[in-house]
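Converting from the sequence shown to the working numbering requires adding 52 to each position, the first position being numbered 1.
Encoded as structure tokens, the structure appears first; notes follow it.
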Amino acid sequence: MDTLFLLVIPALTGILGIYMIVSGNPRLLHSYHYATTPPEKLPALARAEGVGMIGLSIAIALIALDMQGWLTIAGIVLFVASIVAMLGAIVYYNGGLVTFSGQVAAGPFATMKPAWRLLIMGAVGAVVSLLSIAPGVYMIASGDVSMLHSYHYANVAAADLPRLATAEGACMIVLGVAIFLCMLAGAGMLGKRPFPRWSIVLMAAGVACLCIGLIGLLGFIIYFNGSLMGSATL
Numbered sequence: 053m054d055t056l057f058l059l060v061i062p063a064l065t066g067i068l069g070i071y072m073i074v075s076g077n078p079r080l081l082h083s084y085h086y087a088t089t090p091p092e093k094l095p096a097l098a099r100a101e102g103v104g105m106i107g108l109s110i111a112i113a114l115i116a117l118d119m120q121g122w123l124t125i126a127g128i129v130l131f132v133a134s135i136v137a138m139l140g141a142i143v144y145y146n147g148g149l150v151t152f153s154g155q156v157a158a159g160p161f162a163t164m165k166p167a168w169r170l171l172i173m174g175a176v177g178a179v180v181s182l183l184s185i186a187p188g189v190y191m192i193a194s195g196d197v198s199m200l201h202s203y204h205y206a207n208v209a210a211a212d213l214p215r216l217a218t219a220e221g222a223c224m225i226v227l228g229v230a231i232f233l234c235m236l237a238g239a240g241m242l243g244k245r246p247f248p249r250w251s252i253v254l255m256a257a258g259v260a261c262l263c264i265g266l267i268g269l270l271g272f273i274i275y276f277n278g279s280l281m282g283s284a285t286l
């Protein structure tokens with residue numbers, strides 16, 4: 053019964069995705085996602101988003117059915133990849149990610165001079181990324197895993213704890229780099245249509261780092277016999 057309940061959400065997500073593919077109707081999206089998309093491309097956008105929703109449904113099912121093993125990692129990777137694909141399709145078909153396509157006044161960042169926008173968002177990205185990079189550097193330097201939840205390392209052999217700390221710290225640094233790259237890319241994308249190529253490259257690199265960091269964080273816990281989500285038996 054519990055398993056059936058966990059599958060309700062992915063089932064509904066998959067049904068909505070199938071509906072978008074079959075109908076070619078993108079209206080399940082927020083209106084600003086397709087307000088600037090040429091009418092002849094709306095069915096293609098709907099189908100692309102529908103495929104992404106089916107990917108999300110499979111990802112959620114994998115995570116729900118296997119909360120401790122490699123299927124969870126596969127589900128998380130597929131989840132992130134599906135979201136990236138859905139956002140990428142919106143951009144490809146000239147939709148808006150976070151704007152309202154002229155329905156409201158442009159925000160301050162969209163109207164700001166590009167150099168100032170890049171400087172401000174770069175500074176914010178650097179500060180936020182330090183929240184991930186600093187703990188990562190500490191874990192590598194100290195070999196201390198105590199910044200993780202205790203059940204992540206309760207079953208890890210004592211000799212492997214410093215190695216786990218180094219691996220997790222490195223992944224934390226990669227996540228920090230991902231945050232910084234995505235903030236810089238966002239600065240280039242705001243107020244620009246089409247998006248500058250350099251901002252697309254940075255966003256792709258940031259998303260790639262995000263995926264690598266997440267896979268590593270979870271994968272190394274499993275590799276060293278830790279627990280992903282459950283409380284370990286002490």
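The beta-carbon is built from N, C-alpha and C at its ideal position, and this holds for glycine as well.
Check your understanding: So what does DSSP say about S198, is it helix, strand or coil?
Key -> Locating residue 198 in the sequence shown gives position 146, where the first residue counts as 1. The answer is coil: DSSP assigns S198 none of H, G, I, E or B.
Review point. Hey, I192 and T218 are a contact pair by Cβ (cut 8 angstroms); roughly how many whole angstroms apart?
Key: What you label residue 192 is simply residue 140 of the sequence shown in a count that begins at 1. What you label residue 218 is simply residue 166 of the sequence shown in a count that begins at 1. Indeed, because the Cβ distance is near 5 angstroms, the residues count as touching under 8 angstroms.
**Study point:** Element boundaries [alpha helix (DSSP H), containing G121]
**Key:** Position 69 of the sequence shown, counted from the start, is the residue given in the question as residue 121. Neither: G121 is in no alpha helix (DSSP H) and is coded neither H nor E.
Practice item. Please specify which runs of the alpha helix (DSSP H), each continuous and at least 4 residues long, are wholly inside the stretch 202-278, giving them in chain order. Key: 202-205, 213-241 and 249-275
Practice item. Can you give me the Cβ contacts of G127 inside the same chain, cut-off strictly under 6 angstroms, excluding the 5 residues immediately before and after it? Key: Translated into positions along the sequence shown, residue 127 becomes position 75. Cβ neighbours of G127 beyond the five flanking positions: A111, L114 and I115.
Exercise for review: Could you tell me which uninterrupted alpha helix (DSSP H) segments, each at least 4 residues in length, are contained entirely in the stretch 64-139, listed from first to last along the chain?
Suggested key: 94-117
Review point. If you count every other CB in all the chains shown that lies within 10 Å of the CB of G69, and 16 or more means buried, which is it?
Key: Counting from 1 along the sequence shown, the entry for residue 69 is found at position 17. Buried, since its Cβ has 16 or more Cβ neighbours within 10 Å.
Point to revise | Buried/exposed call for G121, threshold 16 Cβ in 10 Å | key: The sequence position of residue 121 within the sequence shown is 69, counting from 1. Burial call: exposed.
**Study point:** Beta-carbon separation (whole angstroms), M224 vs I185, contact threshold 8 angstroms
**Key:** Along the sequence shown, one-based indexing puts residue 224 at 172. Along the sequence shown, one-based indexing puts residue 185 at 133. That pair is a contact at about 7 angstroms.
Point to revise | Beta-carbon proximity of P62 to S134, cut-off 9 angstroms | key: Residue 62 sits at position 10 when you count from the first residue of the sequence shown. Residue 134 sits at position 82 when you count from the first residue of the sequence shown. No, Cβ-Cβ distance for P62 and S134 is not below 9 angstroms.
Check your understanding: Closest Cβ-Cβ distance between G221 and chain E: below 9 angstroms?
Key -> Absence of chain E from the displayed structure is noted, only one protein chain being present.
Check your understanding: Taking all protein chains shown into account, do 16 or more other C-beta atoms lie within 10 angstroms of the C-beta of P90, making it buried, or fewer, making it exposed?
Key -> In the sequence shown, counting from the first residue as 1, residue 90 sits at position 38. Under this definition P90 is an exposed residue.
**Study point:** Candidates G148, H85 and L227, of which the one nearest L270 by Cα
**Key:** Here the question's residue 270 lines up with position 218 in the sequence shown. Taking only the C-alpha atoms, the option nearest L270 is L227.
Check your understanding: Looking at C-alpha atoms only, which residue of G268, M241, C263 and V189 is the closest neighbour of M164?
Key -> As a position in the sequence shown, residue 164 is number 112, starting the count at 1. Residue M241 is the option with its Cα nearest to M164.
**Study point:** Same chain only: Cβ atoms within 8 angstroms of L170, ignoring 5 sequence neighbours per side
**Key:** Mapped onto the sequence shown, residue 170 falls at position 118. Around L170: L236, A239 and G240.
Practice item. Measure the Cβ-Cβ separation of Y145 and L80 and say whether it is below 9 angstroms. Key: Within the sequence shown, residue 145 is the residue found at index 93, counting from 1. Within the sequence shown, residue 80 is the residue found at index 28, counting from 1. No, the Cβ-Cβ distance between Y145 and L80 is not below 9 angstroms.
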